[in-house]
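> Numbering (the numbering used here), first residue to last: 1446 to 1623.
First the structure, then my questions, so here it is.
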């Protein structure tokens, strides 16, 4: 039923648990909106801290996790589809893995069985970058010199996000096979 805990899940999973978590987060967002803009700025800082903690654990995991084979979830309802891979490899940092991932060798997605393209990869990456504009739009509320602070903050956010994405791309390319 998906509700049992495993070694990889901290919280129970399943349809009703997902609904419970989503409802709790939506109620928290409602509370922040009802209280006002002052707590919204504090809430965004808390979210920033959570995101930085998660990024930190991701970066640590690249170095702490030993090479292993990961079982992929089955794309077919009965769990059998011999035409697509059932495992992926985390190789640790290897030059051969980086060289194998260096060029655009788009293949079929094992879940949708559709060919991946630059546009689909860009669509996934673009969503992560749109938060920059949301952050820059709310900046300057309490800035003493918004004329200087907003452009500086926006450029800093763009550079910071670019560095994080490049680091994640390089680390994944060095340690995960296709």
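Note that the Cβ used here is the ideal one computed from N, Cα and C, for glycine as well.
(1) Would residue 1620 be called buried (16 or more neighbouring beta carbons within 10 Å of its own) or exposed?
(2) Is the Cβ-Cβ distance between residue 1562 and residue 1551 less than 8 Å?
(3) Going by other Cβ atoms of all chains shown within 10 Å of its Cβ, with 16 needed for buried, is residue 1516 buried or exposed?
(4) Helix, strand or coil for residue 1615 per DSSP?
(5) Can you list, in chain order, the stretches of the alpha helix (DSSP H) that have 4 or more residues and sit fully within the region 1480-1554?
(6) Give the secondary structure of residue 1561 by DSSP, where H, G and I count as helix, E and B as strand, and everything else as coil.
(7) So residue 1514 and residue 1534 are supposed to be a Cβ contact under 8 Å. How far apart are they, rounded?
(8) For residue 1601 and residue 1545, what's the separation of their Cα atoms in angstroms?
(9) So residue 1512 and residue 1536 are in contact, right, with Cβ under 8 Å, and what is the actual spacing, rounded?
(10) Which residue from 1547, 1493, 1593 puts its Cα closest to that of residue 1605?
(11) Does the distance from the CB of residue 1618 to the CB of residue 1543 come in under 8 Å?
(12) Is residue 1447 helix, strand or coil by DSSP?
(13) Name, in chain order, the residues that DSSP records as bridge partners for residue 1621.
(14) Check whether the Cβ atoms of residue 1495 and residue 1485 lie closer than 8 Å to each other.
(15) My guess is that residue 1609 and residue 1491 are in contact by the Cβ rule of under 8 Å, so how many angstroms apart are they, rounded?
(16) Candidates 1538, 1566, 1559, 1558: which alpha carbon is nearest residue 1549's?
(17) Sorry if obvious, but does the Cβ on residue 1536 come closer than 7 Å to a heavy atom of the ligand FAD?
Per the coordinate set shown:
(1) buried
(2) yes
(3) exposed
(4) helix
(5) 1482-1509, 1540-1546
(6) coil
(7) 6 Å
(8) 33 Å
(9) 5 Å
(10) 1493
(11) yes
(12) Confidence in residue 1447 is poor, its pLDDT being 42 and thus under 50, which makes the residue's placement unreliable; the coordinate value appears in the next sentence. Coil.
(13) 1535
(14) no
(15) Between residue 1491 and residue 1609 the Cβ distance is about 19 Å, and since that is not below 8 Å, they are no contact.
(16) 1566
(17) No copy of the ligand FAD occurs in the structure displayed, which carries no ligand at all.
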